[in-house]
Amino acid sequence: MDKDDDTSIFVSPFEQEAVVTPSIVKSSQFVAPGDDILSQESVVRGHGTMVQGTRLTSTVAGIVERVNKLVAVLPIRARYSAEVGDVIVGRIRDIVSRRWKVDVNSRQDAVLLLSAVNLPGGVQRRRTYEDELKMREFFDQDDLISAEVQELKQDGLIMLHTRSLKYGKLENGIFISVTPQLVKRSKKHFHRLSCGVHIILGDNGYVWIYVDDAAYGEDEEEANFSKRRENDKSNLEQRLSLIRVRNSICILDLYFLSIQPETIMLIYEETIRRNIPVQHMLRPDIINDIYRTVKNTKEM
């Protein structure tokens, strides 16, 4: 990674946009609700703005974005706005007629139809009444799942599917909610960090952190006592790595910094270098110290 890449990955999404998109106002002007932006006569009103007399006024707190004549205000924090193809992490909230309602951190719950999930064994057939009776065996209330946005209805309803084998129920891991704007949309959402921890960065701001036990060659039926002790030690190390990754993401979210594998590992490795125990990582004095050190190291 070159020097330019090092300095660009550790800034907020709005700062990144301001750097790479010439059509956006260079100053990345911050406005509060009620602030005048500019004269309305020469521009087209976009989201987050309203017309008052001859002035264009902000209705939200955020960053002014200008594309040609279109002027909008990007809110600093907002609910997730879905797009087709987004990979999300969600929580089952309710089970109704042949569908699950899923919390995806949006303005309304998403819907996962019974016809949009894989049946056990990957069988391809029409869903029957018996399948409907067994819906809780697939996903029950409060279960966490990974899924993909299949369709957006005209009323804004989000339709999901889990037909791919990489989607489904999430177990034995850590769930964390962050600001959706900090998770950059990309082609890859399932990552294996260099520390051995796996993460799913949901476009909706929900993140799942876990360890793939199969990657460590663990055998649950291993009867040898010494092997079991080695596995116990390995499990402890894995849990500590999970918590360290989780705390690193919390620090990025606290400072409103882009959440991606590179930035997570910058924080993670700095805490390792300084021998900071995971239980102390989120102390206010340590958080500020870690942030300043990494920021100075990357010449931000």
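Each residue of the sequence shown is one higher than the one before, starting from 1112 at the first, in my numbering. Note that CB positions come from ideal geometry on N, CA and C, so glycine has one too.
- Judged by their CB atoms, Arg1355 and Thr1382 are nearer to each other than the 8 angstroms cut-off.
- Boundaries of the beta strand (DSSP E) around Arg1166: Arg1166 to Ser1169.
- Partner residues in the beta bridge of Ser1257, as assigned by DSSP, are Val1200 and Gly1279.
- Under the three-state reduction of DSSP output, Lys1298 falls in the coil class, being neither helix nor strand.
- Contact holds between the segment 1200-1219 and the segment 1264-1273, because three or more Cβ pairs, one in each stretch, are under 8 angstroms apart.
- With 16 or more other Cβ atoms from the protein chains shown falling within 10 Å of its own Cβ, Tyr1191 counts as buried.
- Runs of alpha helix (DSSP H) with 4 or more residues, each lying fully within the segment 1369-1394, are found at 1372-1384, listed in chain order.
- According to the DSSP secondary-structure assignment, His1272 is paired through a beta bridge with Glu1259.
- Just so you know, the alpha carbons of Arg1403 and Asp1220 end up roughly 39 angstroms apart.
- One thing to note: Val1289 has its Cβ within 8 angstroms of the Cβ of Asp1364.
- Going by beta carbons, Lys1277 and Ile1256 fall outside the 8 angstroms limit.
- Rounded to the nearest angstrom, the Cβ distance from Ile1148 to Thr1165 is 12 angstroms, too far for a contact under 8 angstroms.
- The three-state reading of DSSP puts Val1289 in coil, since its state is none of H, G, I, E or B.
- Between Ile1320 and Leu1353, the gap from beta carbon to beta carbon is short of 8 angstroms.
- Contact between the segment 1207-1221 and the segment 1297-1311 is absent: fewer than three C-beta pairs spanning the two stretches fall below 8 angstroms.
- Here His1158 is not bridged, per DSSP, to any residue.
- A straight-line Cα-Cα distance of about 7 angstroms links His1309 and Phe1301.
- Your pair Asp1146 and Asp1314 does not check out as a contact, with CB atoms roughly 30 angstroms apart and the cut at 8 angstroms.
- Here Leu1230 carries a coil assignment [DSSP, helix/strand/coil].
- Secondary structure of Glu1194 (DSSP, three-state): coil.
- Per DSSP, the unbroken alpha helix (DSSP H) holding Asp1242 starts and ends at Tyr1240 to Leu1244.
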